[in-house]
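Enquirer: This is the structure, below, for whatever I ask next.
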Ligand SMILES: C[S@@+](CC[C@H](N)C(=O)[O-])C[C@H]1O[C@@H](n2cnc3c(N)ncnc32)[C@H](O)[C@@H]1O
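In the numbering used here, the protein residues as written are 7 to 220.
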C-alpha cells in the first residue's frame with residue numbers, strides 16, 4: 007500500500023466531512039445536479055470513487071456505473087450508499103489499470119483524483135483511461151481549486167512541481183498528502199493528446215473538466 011492509499015484507508019470513515027464545509031454548499035449543490043445531467047443514460051467508469059459520494063448522484067440518471075477504488079475500506083462504505091438496484095457495481099481496482107473493468111462503457115468520471123496524481127504520472131493515467139474507452143466517450147474530471155482560508159495550506163513543492171499538504175486525522179495522526187492545483191492551461195495541455203474537445207467549468211472552489219475522447 008502506498009502512503010496515499012494508506013491515508014485514505016485510515017480516513018475512510020471521516021472522508022465525507024469535506025462535503026460539509028459551509029462555504030461550499032451552494033457549489034456542491036450545483037455539482038450534485040450537474041454530474042447526473044452530464045451522465046444521463048451513459049455507462050460510466052468511475053475511478054477512485056472513494057466512499058461513493060458522487061457515485062450515488064451519477065447513478066440516479068446513468069444507465070450503469072462501474073465504480074472502482076484501490077481501497078477496500080472506502081468501498082465498504084460506498085456499498086452502503088442508496089443507489090438504484092442493479093445500476094452500480096463497486097470493484098477494487100487501480101485507476102492506472104482500467105482495462106477490462108467496464109465493457110460497454112461510453113463515459114468516465116474521476117472526482118478529486120487528478121489532484122493526487124503525480125505530474126509525471128498524468129499521461130500514463132490518462133492514456134490508460136483513453137485506451138479503456140471507445141472513441142467519442144464522454145469524460146468528466148472534478149477537483150479542487152486552491153482557495154486561501156478554505157483550502158488546507160500547501161506545505162511544500164517537490165522538484166517536479168507537485169505540491170503537498172499536511173493533513174491531520176481525528177486520531178491525531180498527521181499525513182503528508184500530494185495535492186496538486188492545476189491551472190486551466192495545465193489541464194488543457196494534459197488532455198490535448200486524448201481530447202477531441204474539452205471544456206473547463208470553474209467555480210470558486212472547484213473545476214470541472216469535460217471532454218470527449220479522440
Ligand atoms: C480524494 S479521494 C476521492 C474519492 C471520491 N472520488 C470523491 O470524490 O469523494 C481519492 C481516492 O483515491 C483512491 N486511490 C488512491 N490511489 C488509487 C489508485 N491507484 N487507484 C484507484 N484509487 C486510488 C483513495 O483510496 C481515495 O478513495
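C-beta atoms are modelled at their ideal positions from N, C-alpha and C, and glycine is treated no differently.
Since residue 198 and residue 143 are thought to touch, with beta carbons under 8 Å apart, how far apart are those beta carbons, to the nearest angstrom?
Expert: For the purposes of this step, residue 198 is identified with residue 192 of the chain shown, where counting begins at 1. For the purposes of this step, residue 143 is identified with residue 137 of the chain shown, where counting begins at 1. No, residue 198 and residue 143 are not in contact; Cβ-Cβ is about 17 Å, not under 8 Å.
Enquirer: On the criterion of 16 or more Cβ atoms from any shown chain inside 10 Å, does residue 163 qualify as buried, or is it exposed?
Expert: If you number the chain shown from 1, residue 163 lands on position 157. The residue in question, residue 163, is exposed, as its Cβ has fewer than 16 Cβ neighbours within 10 Å.
Enquirer: Using C-beta distances below 7 Å, list every residue in its chain close to residue 29, excluding the 5 sequence neighbours before and after it, in chain order.
Expert: Working through the chain shown from its first residue, we reach residue 29 at position 23. 156, listed in sequence order.
Enquirer: Taking residue 86 as the reference, give the member of 101, 58, 40 with the closest Cα.
Expert: Within the chain shown, numbered from 1, the residue matching residue 86 stands at position 80. Checking every option, the nearest Cα to that of residue 86 belongs to 58.
Enquirer: Report, in whole angstroms, the separation of the C-beta atoms of residue 37 and residue 148, which I expect to be a contact under 8 Å.
Expert: As a working mapping, residue 37 is identified with position 31 in the chain shown. As a working mapping, residue 148 is identified with position 142 in the chain shown. About 7 Å separates the two Cβ atoms, so the contact holds.
Enquirer: Below 7 Å, is the gap between the Cβ of residue 35 and the nearest heavy atom of ligand 1?
Expert: Here residue 35 refers to the residue found at position 29 when the chain shown is read from its first residue. Answer for residue 35: no, Cβ out of range of ligand 1.
Enquirer: Considering only the alpha carbon of each residue, which of 34, 10, 79, 69 lies closest to residue 60?
Expert: Within the chain shown, residue 60 is the residue found at index 54, counting from 1. For residue 60, the nearest C-alpha among the options comes from 34.
Enquirer: On the premise that residue 67 lies in contact with residue 51, defined as a C-beta separation below 8 Å, what is that separation, rounded to the nearest angstrom?
Expert: Position 45 of the chain shown, counted from the start, is the residue given in the question as residue 51. Position 61 of the chain shown, counted from the start, is the residue given in the question as residue 67. Contact flag wrong, Cβ pair sits at about 16 Å.
Enquirer: Less than 8 Å separating the beta-carbons of residue 133 and residue 200?
Expert: Indexing the chain shown from 1 puts residue 133 at position 127. Indexing the chain shown from 1 puts residue 200 at position 194. For residue 133 and residue 200, yes; Cβs fall inside 8 Å.
Enquirer: If we ignore side chains and look at the alpha-carbon of each, how far apart do residue 127 and residue 107 end up?
Expert: Looking up residue 127 in the chain shown gives position 121. Looking up residue 107 in the chain shown gives position 101. Spanning the two alpha carbons is a distance of roughly 20 Å.
Enquirer: Residue range of the alpha helix (DSSP H) that residue 2 falls in?
Expert: It is not possible to answer for residue 2, since the shown part of the chain is limited to 7 through 220.
Enquirer: For the beta strand (DSSP E) containing residue 31, name the first residue and the last one.
Expert: Your numbering for residue 31 matches position 25 in the chain shown. From DSSP, residue 31 is part of no beta strand (DSSP E) but of the alpha helix (DSSP H) over 31-44.
Enquirer: Need the endpoints of the alpha helix (DSSP H) that residue 134 sits in, please.
Expert: Position 128 of the chain shown holds residue 134. It spans 128-138 - the alpha helix (DSSP H) in which residue 134 sits, taken as one unbroken run.
Enquirer: From the DSSP output, in three-state form, read off residue 167 for me.
Expert: Position 161 of the chain shown holds residue 167. The answer is coil: DSSP assigns residue 167 none of H, G, I, E or B.
Enquirer: Could you pull out every residue in the same chain whose Cβ sits closer than 7 Å to the Cβ of residue 78, ignoring the five residues on either side in sequence?
Expert: As a first step, residue 78 is located in the chain shown; it is residue number 72 there, counting from the start. Closer than 7 Å at the Cβ level, and outside the excluded window around residue 78, lie 98.
Enquirer: Starting from the N-terminal side, write out each stretch of the beta strand (DSSP E) that is 3 residues or longer and does not extend beyond the segment 45-118.
Expert: Segments of the beta strand (DSSP E) lying fully in the segment 45-118: 49-53, 70-75, 94-98, 113-117.
Enquirer: For residue 110, which of 151, 47, 176 has the nearest alpha-carbon?
Expert: Stepping through the chain shown from its first residue, residue 110 is reached at position 104. Ranking 151, 47, 176 by Cα distance to residue 110 puts 47 first.
Enquirer: Since residue 214 contacts residue 146 with CB under 8 Å, what's their CB separation in whole angstroms?
Expert: Indexing the chain shown from 1 puts residue 214 at position 208. Indexing the chain shown from 1 puts residue 146 at position 140. Indeed, because the Cβ distance is near 6 Å, the residues count as touching under 8 Å.
Enquirer: Rounded to a whole number of angstroms, what is the C-alpha to C-alpha distance between residue 168 and residue 103?
Expert: Looking up residue 168 in the chain shown gives position 162. Looking up residue 103 in the chain shown gives position 97. When rounded, the distance between both Cα atoms is 22 Å.
Enquirer: Flag residue 152 as yes when its Cβ comes closer than 7 Å to any non-hydrogen atom of ligand 2, and as no otherwise.
Expert: Of the ligands this structure carries, namely ligand 1, none is ligand 2.
Enquirer: Using the Cα positions of residue 140 and residue 166, report the straight-line distance between them to the nearest angstrom.
Expert: Along the chain shown, one-based indexing puts residue 140 at 134. Along the chain shown, one-based indexing puts residue 166 at 160. Using only the alpha carbons, I get a separation of about 32 Å.
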